[in-house]
Amino acid sequence: MATSRLTRGRRSVAKALGFTLIETMIALMIAAVALPALVTLVMTQLDGAASIRDKTYAYWVAENQMARIKLLQQQKLQNKIGNYQLPEKESGVTVMLGLRWQWQMKTIELDGLPVKGFKRVEIDVRLLGLAEGVSLGGTIVDENSPPLASLMGYINDPEAF
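Here it is, written out as structure tokens:
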């Protein structure tokens with residue numbers, strides 16, 4: 000009689016230690032709903048980081064072009080280059096950090112200023128694709144699409160003084 004009570008007590012303890020099928024199914028359902036949401040959140044964060052990286056690279060390309068224009072103006076002032084004129088519009092493709100960037104420069108004469116010879120330089124940069132020839136999109140850049148970076152600066156023409 001004492002052994003049968005002891006055996007029954009152990010069975011009820013052993014029965015209480017495990018999960019029921021319903022509890023297991025509910026836990027799996029919660030995991031099935033939560034994991035895709037977590038993956039979506041992580042992917043969104045990675046896309047945001049890639050976007051910030053691309054915009055930073057695009058600003059570097061724009062700053063490089065602005066520095067190039069300023070250096071050309073300095074060389075013109077020192078008579079190291081001949082009749083260099085700052086073009087009204089210019090564009091080109093630059094490879095930087097394994098990516099191909101298309102930049103467009105536009106200069107605007109500032110006639111309304113009391114001091115003559117100043118021009119506003121606007122540089123827009125768009126991503127073309129990977130430098131190895133694999134394209135992320137078309138190789139033709141849509142000028143109506145917003146650029147990744149827009150840089151505006153001012154420069155003076157040394158001959159205007």
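Using numbering that gives the first Met the number 0, you'd call the opening residue of the sequence shown number 0 and step up by one each time.
Heads up, the beta-carbon is just placed ideally off N, CA and C, and yes, glycines get one too.
- Here the alpha carbons of Ala-30 and Ile-21 stand approximately 14 Å from one another.
- Per DSSP, reduced to three states, the secondary structure at Ser-149 is strand.
- For Gly-47, the uninterrupted alpha helix (DSSP H) segment begins and ends at 20-76.
- Nearest C-alpha to Leu-126 among Val-41, Gly-111, Gln-84 and Trp-102: Trp-102.
- Taking the Cα positions, Tyr-153 is about 12 Å away from Ala-66.
- For Val-124, the uninterrupted beta strand (DSSP E) run begins and ends at 117-129, by DSSP.
- Annotated three-state conformation of Leu-98 is strand, per DSSP.
- Restricting attention to Leu-40, Met-95 and Glu-87, the CA atom closest to the CA of Leu-109 is found in Glu-87.
- Approximately 11 Å separates the beta-carbon atoms of Leu-85 and Ile-107; this is outside 8 Å, ruling out the contact.
- With respect to the 8 Å criterion, Pro-146 and Val-124 are classified as neighbours on the basis of their beta carbons.
- Shortest Cα-Cα distance from Tyr-56 to any of Ser-90, Thr-23 and Met-95 involves Met-95.
- Our two residues, Gly-111 and Tyr-83, have alpha carbons roughly 24 Å apart in a direct line.
- Residue environment: Arg-119 is assigned as exposed (fewer than 16 neighbouring CB atoms within 10 Å of its CB, all protein chains considered).
- Residues of the same chain with a CB within less than 7 Å of the CB of Ala-130, apart from the 5 flanking positions on each side, are Val-94, Gly-97, Leu-98 and Arg-99 in chain order.
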